[in-house]
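For the record, in the sequence shown the residue sitting at position 28 is 21 according to our numbering, with numbers rising by one throughout. Here is the structure we will look at, set down as structure tokens.
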Amino acid sequence: MALLAIKNLSFQAGAAKIIDDLSLSMDQAEVHALLGTNGTGKSTLAYLIMGCEGYWPTAGTILFAGQAIQTRRIHERAQLGITMAWQEPVRFEGISVAQYLTLTNRHLDPAPYLAMVGLQPGRYLARMVDKCLSGGERKRIELASILALHPRLAIFDEPDSGIDMLSIHDIINVINACKTSGCAVLLITHREEIALIADRASQICRGRIVCSGSPQQVAAYYKSRECLACATEVCADERP
Ligand code: ADP
Ligand code: MG
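Listed below in structure tokens is the structure:
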């Protein structure tokens, strides 16, 4: 059984159809890259899977481990094991890094999770999560908090964006740590070199999946044409 099975999902905001009859499935511990240029609906799809306020599908279903979740609230989906790293790192104020990483499990040792994202635990655990941290440090701490949650599905919305970009090497480390712990990753990106680290990939264009297959196939398709041209075309290897 697929861990995540999105079937014929649509989302409309006003007159605009932002997600249009989209189907996508992911297995447990699969890293699936979602490639698409700006404005094609990548973040919207992430919000629909996570259940963010105001993002209720106009049609279709989202099955997670066999359960329909498209009408569940965000905290219920979090309890089922779905989590998300936002495109912009969230700013928390007034708690230490150690407290932040142990919010959901105060018995957890946070040190290994900081090490996994390239931060020395001894230098960061007692620091406050505040404006004194750089954008890159905040992003790493947020990724460490995701690893510490041991989710079943982590959605990374453009993990390389932000004030201090993380290197591809950093992103690979975090994704591999997720995969090793059995967590599936939806890796949203507009960069084909990041998509290449996934097990499978799909390209989204105007809210529809236009190509699915190996990351190499999908990256080649993505590079070969402009997104606007492909709304009515599908690549030969599409597996909806
Ligand atoms: P991406 O992440 O691929 O860059 P988004 O999912 O953020 O794209 O947005 C896709 C399109 O949908 C954009 O044109 C955006 O302005 C529009 N959009 C997203 N959410 C809403 C909303 N709640 N209301 C109106 N338009 C929206
Ligand atoms: Mg986006």
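Using N, Cα and C, we set each Cβ at its ideal position, and we do this for glycine too.
In terms of Cα proximity to Gln196, the closest of Arg120, Ile148 and His25 is His25. The residues Arg133, in chain order, have a CB closer than 6 Å to that of Leu112 in the same chain once the five nearest residues on each side in sequence are set aside. Under the three-state reduction of DSSP, Thr51 is assigned to coil, being neither helix nor strand.
Between Val90 and Arg120 the beta-carbon gap is near 5 Å, inside 8 Å, which marks them as a contact. Looking at Ala(-5), Thr37, Ala104 and Ala194, the one whose alpha-carbon comes closest to that of Leu56 is Ala(-5). In summary, Ala191 is buried, with 16 or more beta-carbon neighbours lying within 10 Å of its beta-carbon over all protein chains present.
For His143, the secondary structure class from DSSP, reduced to helix, strand or coil, is coil. Annotation for Met43: the continuous alpha helix (DSSP H) segment containing it runs Lys35 to Met43. Under DSSP, Leu15 shares a beta bridge with Leu2. With respect to the 8 Å criterion, Ala78 and Ile165 are not classified as neighbours on the basis of their beta carbons.
Following the DSSP letters along the chain, one finds Cys198 inside the beta strand (DSSP E) bounded by residues Arg193 to Cys198. Scanning its chain for C-beta atoms nearer than 7 Å, with the 5 sequence neighbours on each side dropped, one finds around Ile161 the residues Glu186 and Ile187, in chain order. Counting along the chain, no alpha helix (DSSP H) covers Gly32, and no H or E run does either. For the ligand ADP, no non-hydrogen atom lies closer than 7 Å to the CB of Gly44.
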